[in-house]
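Visitor: So the sequence shown is residues 2 to 242, counted in the working numbering.
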Amino acid sequence: MKKSQTEFTWPYPIKWGEEQRVDTDILILGGGIAGCWAAIAAAKNKGVSVTLVEKARTIRSGAGGSGCDHWEHAVTNPSCPLTPEEITHAQIDSNDGYNNGISHYIEAREGYDRLLDLEKMGGKIRDTEDEFKGADFRDEESKFLFAYDYVNRYTIRTWGTTFKPALHQECQRLNVGILDRTMITGLLTESGKPRGRVVGAVGFHVHTGRFVIIRAKATVLCTSRPSRLWLFTPDLAGISE
2 MKKSQTEFTW PYPIKWGEEQ RVDTDILILG GGIAGCWAAI AAAKNKGVSV TLVEKARTIR
62 SGAGGSGCDH WEHAVTNPSC PLTPEEITHA QIDSNDGYNN GISHYIEARE GYDRLLDLEK
122 MGGKIRDTED EFKGADFRDE ESKFLFAYDY VNRYTIRTWG TTFKPALHQE CQRLNVGILD
182 RTMITGLLTE SGKPRGRVVG AVGFHVHTGR FVIIRAKATV LCTSRPSRLW LFTPDLAGIS
242 E
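1. Return the bridge partner residues of E20 from the DSSP annotation.
2. Output the distance between the C-alpha atoms of D114 and V49, rounded to the nearest integer angstrom.
3. Hey, quick one: how far does the alpha helix (DSSP H) through T89 stretch, first residue to last?
4. Could you check the C-alpha separation between D140 and L117 for me, to the nearest Å?
5. Please state whether the Cβ-Cβ distance between I215 and V23 is less than 7 angstroms.
6. What distance in whole Å lies between the Cβ atoms of V199 and F205, which are believed to be in contact at a cut-off of 8 angstroms?
7. Would G18 be called buried (16 or more neighbouring beta carbons within 10 Å of its own) or exposed?
8. H208: which of W38, E55, G33, T129 sits nearest, CA to CA?
9. Helix, strand or coil: how does DSSP classify I29 here?
10. Could you compute how far the alpha carbon of R182 sits from the alpha carbon of E87?
11. Which residue or residues does DSSP assign as beta-bridge partners of F205?
12. Can you give me the Cβ contacts of E108 inside the same chain, cut-off strictly under 8 angstroms, excluding the 5 residues immediately before and after it?
13. Taking its Cβ as the centre, do 16 or more other Cβ atoms sit within 10 Å of V152, making it buried, or is it exposed?
14. How far does the beta strand (DSSP E) with L53 in it extend, from its first residue to its last?
15. DSSP three-state call for H71: helix, strand or coil?
16. I15: buried (16+ other C-beta within 10 angstroms of its C-beta) or exposed?
17. R139 bridges to which residues according to DSSP?
18. Rounded to whole angstroms, what's the CA-CA distance from N78 to D26? Just pull it up for me.
19. Please state whether the Cβ-Cβ distance between L53 and I185 is less than 7 angstroms.
20. Can you pull the DSSP bridge partners for A219?
21. Taking all protein chains shown into account, do 16 or more other C-beta atoms lie within 10 angstroms of the C-beta of S62, making it buried, or fewer, making it exposed?
22. Can K134 be considered in contact with the ligand NAP, in the sense that its beta carbon sits closer than 6 angstroms to one or more heavy atoms?
23. For I103, count neighbouring C-beta atoms within 10 Å of its own C-beta (all shown protein chains included) and say buried if the count is 16 or more, exposed if not.
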């Protein structure tokens, strides 16, 4: 047989026989949008060590890694005449009651505040260059750009590509330990018993194969689902997020 004209050489050192052991107070599994927010919230507690584990690179990983062009349900922004309760009931009614009103209410009540938090971290949410000055979807005072509904103005256009790097930077500022390129394969339980109290997790580095063992006092699962841009099913009302 002829030798292949192109030979592939694995560019990373192989460390199958090595172990990395980590002890932490709070372990966050998943470094997407939810994982970063969870890590940031946990790390604000003084004296608490936080470790975040992500199978890719946290700075751009997850369904939100590439960013978003609008922020829904910023209902409490000054330009919106609606209340969180009104938006929540409208969503429930539009699905004939088959919807999670609790989660939608939390989103409507706190969405704008979280957007402002992202801005403080470095995310861009305003037309600061006045590129769209005078447009009917722009609020001249706040420099917000609104999407879809220019009357009720509860959806704000954003520069979402800045969000994940901003969250990553905030994690670093708060000294969150970040284990990138680490795939978690199982949870550790107390005494090794099934369904026992979770005391950590195990996995491996996806480049080197090094085995990773993490012991934690609390573990937060933020691994979401295998979806990049949009999850849609036509036969289940409300499952189109």
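We treat Cβ as the ideally placed atom computed from N, Cα and C, and that holds for glycine.
Guide: Quick look at the numbers:
1. By 1-based counting over the sequence shown, the position of residue 20 is 19. Looking at the DSSP assignment, E20 forms a beta bridge with F212.
2. For this step, residue 114 is matched to residue 113 along the sequence shown. For this step, residue 49 is matched to residue 48 along the sequence shown. CA-CA distance, D114 to V49, rounds to 25 angstroms.
3. Working through the sequence shown from its first residue, we reach residue 89 at position 88. Residues 85 to 95.
4. Residue 140 sits at position 139 when you count from the first residue of the sequence shown. Residue 117 sits at position 116 when you count from the first residue of the sequence shown. Going by the C-alpha atoms only, they are around 16 angstroms apart.
5. Taking the first residue of the sequence shown as 1, we reach residue 215 at position 214. Taking the first residue of the sequence shown as 1, we reach residue 23 at position 22. For the 7 angstroms CB-CB criterion, I215 and V23 form a contact.
6. Taking the first residue of the sequence shown as position 1, residue 205 is located at position 204. Taking the first residue of the sequence shown as position 1, residue 199 is located at position 198. Between the beta-carbon of F205 and that of V199 there is about 19 angstroms, and that puts the pair past the 8 angstroms contact cut.
7. Start at 1 with the first residue of the sequence shown, and residue 18 comes out as number 17. The residue in question, G18, is exposed, as its Cβ has fewer than 16 Cβ neighbours within 10 Å.
8. Here residue 208 refers to the residue found at position 207 when the sequence shown is read from its first residue. Comparing Cα-Cα distances from H208 to each of W38, E55, G33, T129, the minimum goes to E55.
9. By 1-based counting over the sequence shown, the position of residue 29 is 28. Residue state, collapsed to three classes: strand.
10. If you number the sequence shown from 1, residue 182 lands on position 181. If you number the sequence shown from 1, residue 87 lands on position 86. R182 and E87: Cα-Cα distance of roughly 43 angstroms.
11. The sequence position of residue 205 within the sequence shown is 204, counting from 1. When beta bridges are read from the DSSP output, F205 appears opposite M184, F212.
12. As a first step, residue 108 must be located in the sequence shown, where it is residue number 107. For E108, where only same-chain residues beyond five positions count, the Cβ hits under 8 angstroms are E73, H74.
13. Position 151 of the sequence shown, counted from the first residue, corresponds to residue 152. Here V152 is exposed. Its C-beta has fewer than 16 other C-beta atoms within 10 Å.
14. In the sequence shown, counting from the first residue as 1, residue 53 sits at position 52. 51 to 54 is the extent of the beta strand (DSSP E) around L53.
15. On the sequence shown, residue 71 is found 70 positions in, with the first residue counted as 1. Reduced to three states, the DSSP call for H71 is strand.
16. To locate residue 15, count along the sequence shown from 1; it is residue 14. With fewer than 16 neighbouring CB atoms inside 10 Å of its own CB, I15 falls in the exposed class.
17. As a working mapping, residue 139 is identified with position 138 in the sequence shown. Answer is L146.
18. Locating residue 78 in the sequence shown gives position 77, where the first residue counts as 1. Locating residue 26 in the sequence shown gives position 25, where the first residue counts as 1. N78 and D26 have their C-alpha atoms roughly 36 angstroms apart.
19. As a first step, residue 53 is located in the sequence shown; it is residue number 52 there, counting from the start. As a first step, residue 185 is located in the sequence shown; it is residue number 184 there, counting from the start. With respect to I185, L53 sits apart: the two C-beta atoms are not nearer than 7 angstroms.
20. In the sequence shown, residue 219 corresponds to position 218, counting from 1. A219 pairs with I27.
21. For the purposes of this step, residue 62 is taken as the residue at position 61 of the sequence shown. Flag for S62 reads buried.
22. With respect to small molecules bound, the structure shown includes none, and the ligand NAP cannot be examined in it.
23. Residue mapping note: residue 103 aligns to position 102 of the sequence shown, counting from 1. With fewer than 16 neighbouring CB atoms inside 10 Å of its own CB, I103 falls in the exposed class.
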